[in-house]
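Okay, structure first, notes after.
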Amino acid sequence: KCKEAITSNNGERPGKVIIIDTLMGNKDWIKQSTETIQLYDLEMMVLVSDQERTEKEWAKLFFDAGFSSYNINPVLGLRSIIEVFP
């Protein structure tokens, strides 16, 4: 439904989905960062039955949903801003 809502049918610039989340698998993280991610995973599993994702897992999710491309911008400590385009 997100893709349908942001896709332009009248020639206007299409929208995008913005996700702020932790991206697993970043090789630059130190031990403390990894421990923080594990805590986030535990919280996600307990609260919403979910987990943090790697870039490969995010890409599969986006492409399976019909999106054409994405950008990942690491910011906000362990968080990244992920832009997803129709």
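If you're matching positions, the sequence shown starts at 1 in UniProt numbering and goes up one per residue. The beta-carbon is built from N, C-alpha and C at its ideal position, and this holds for glycine as well.
Do residue j and residue i come within 7 Å of each other at the CB atom, strictly closer than that value?
| i | j | result |
| --- | --- | --- |
| residue 3 | residue 74 | no |
| residue 72 | residue 20 | no |
| residue 84 | residue 67 | yes |
Please look up how many angstroms separate the CB atoms of residue i and residue j, rounded, as I've assumed it's under 8 Å.
| i | j | result |
| --- | --- | --- |
| residue 52 | residue 22 | 5 Å |
Thinking C-alpha only, which one of the options is nearest residue i?
| i | options | result |
| --- | --- | --- |
| residue 79 | 6, 18, 13 and 5 | 18 |
| residue 56 | 69, 46 and 16 | 69 |
For the alpha helix (DSSP H) containing residue i, list its first residue and its last residue.
| i | result |
| --- | --- |
| residue 63 | 55-64 |
| residue 3 | 2-6 |
Kindly indicate the opening and closing residues of the beta strand (DSSP E) around residue i.
| i | result |
| --- | --- |
| residue 83 | 79-85 |
| residue 74 | 69-74 |
Within the 7 Å Cβ cut-off, does residue i reach chain B?
| i | result |
| --- | --- |
| residue 7 | Structure shown: chain B not included; a single protein chain is present. |
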